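So in my numbering the end of the sequence shown lands on 255, straight run, no missing numbers. Even glycine gets a Cβ: it sits at the ideal position worked out from N, Cα and C. In this text, all values refer to a predicted model and were calculated from it rather than measured experimentally. A short write-up of the structure that comes next.
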Amino acid sequence: MTEPNDAVTASHDAPESSATGPEEKDAPLHRRGIKSYVIRAGRMTPAQNRGLEDVWPRFGLTIADGRQDLDDLFGRQAPRVVEIGFGMGNSLIEQAETHPDTDFIGIEVHAPGVGKLLDEVDKRGLTNLRVYREDALAVLEHCLPEGSLTTLQLFFPDPWPKKKHHKRRIVQPAFVELIRTRLKPGGTFHLATDWEAYAEWMAETMEAAPGYANTASADTAPFVPRPAFRPLTKFEARGEKLGHGVWDLIYQRSD
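Take a look at the structure:
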């Protein structure tokens, strides 16, 4: 089952069509004025408010900050991982804590999730994580330098299962190409979803995208077995017990 995230309007209705191919290939989502998310109001806990009010000045970033020099931002040279749509941040926090020699940037529009993550960053004394509360497409285009990322992660984005909503899916040809330009040569784009039709859409989009190579073996292609380095969320674990599938895809920038 898809991990709940109040930043988006997630729908678990059955798809209206079995079609899986990407639509409207020529324009980036944000230039068409179509968002892959819908922001909803959410209640804030004291810890989440603390994160947004007290911790944000140290670890929060905005588009107004402009193009980042990531070595200056983190004060070192290191592998750089960006996660789009981190929800409540549990997976991203675990990764940052487990891999102190890697720098992480999370992008999320959901205020409670951003506040919770920042509160945990402070409590755990992490220094290798920064956060944008912005549209991911705008951050990629205006803030992150070309060829600067080791990995970009997109885990369990809203599947927008109804055919009329497929144009809202974040995985579109223009989005995939934008990510390619931000990855280092040999860098990876890691996608995961628990909607089979969306997994097929992702695979079709990625297989058609120039400049990428699928890392899956012939036995499992286009998908890869769940990598041990991707933290297992409680929602994914619950879904596995119910027999729900999860599909991972990892593509490498080849040029």
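As assigned by DSSP and simplified to three states, the class of residue i
i: G60; result: strand
i: T283; result: Because the chain is modelled from 1 through 255, residue 283 falls outside the range shown and cannot be assessed.
i: W247; result: strand
i: D176; result: Checking the sequence shown, residue 176 turns out to be Val, not Asp. Here V176 sits in helix by DSSP.
i: R182; result: helix
i: Q153; result: strand
i: I93; result: helix
i: L52; result: helix
i: G187; result: strand
i: A203; result: helix
i: D255; result: coil
i: L126; result: coil
i: E83; result: strand
C-beta atoms of residue i and residue j nearer than 8 Å
i: L129; j: A96; result: yes
i: D248; j: F223; result: yes
i: I84; j: L154; result: yes
i: V131; j: L61; result: yes
i: F104; j: L152; result: no
i: I197; j: P161; result: Ile is not the amino acid found at residue 197; the sequence shown has Ala there. Yes. Within cutoff.
i: D119; j: A47; result: yes
Buried or exposed (CB count within 10 angstroms, at least 16 for buried), residue i
i: L191; result: buried
i: S108; result: Reading off the sequence, residue 108 comes out as Glu, not Ser. Counting Cβ neighbours within 10 Å, E108 comes out buried, since at least 16 surround it.
i: T98; result: exposed
i: G87; result: buried
i: L242; result: exposed
i: S91; result: buried
i: G89; result: buried
i: R76; result: exposed
Between the CA atoms of residue j and residue i - distance to the nearest angstrom
i: G147; j: K184; result: 4 Å
i: K163; j: F156; result: 18 Å
i: P57; j: A213; result: 39 Å
i: D54; j: T102; result: 24 Å
i: A199; j: F235; result: 18 Å
i: G51; j: V114; result: 8 Å
i: G245; j: L73; result: 38 Å
i: H165; j: N49; result: 33 Å
i: P145; j: R43; result: 35 Å
i: K231; j: G66; result: Note that residue 231 is Pro in the sequence shown, not Lys. Taking the straight line from one Cα to the other gives about 31 Å.
i: T233; j: L117; result: 15 Å
i: H237; j: D135; result: The question names His, but residue 237 in the sequence shown is Ala. The alpha-carbon atoms of A237 and D135 are separated by roughly 29 Å.
i: R169; j: L149; result: 23 Å
i: F206; j: Q252; result: Correcting the residue type first, residue 206 is Met in the shown sequence and not Phe. Distance between the alpha carbons of M206 and Q252: 10 Å.
i: G186; j: E177; result: 15 Å
i: V171; j: P210; result: 15 Å
i: S254; j: R182; result: 13 Å
i: Q68; j: P159; result: 30 Å
Worksheet item: Taking one C-beta from the stretch 129-140 and one from the stretch 217-227 each time, how about it: are there three or more such pairs within less than 8 Å?
Response: no
Worksheet entry | the stretch 225-237 / the stretch 67-82 touching (three or more Cβ pairs under 8 Å) | no
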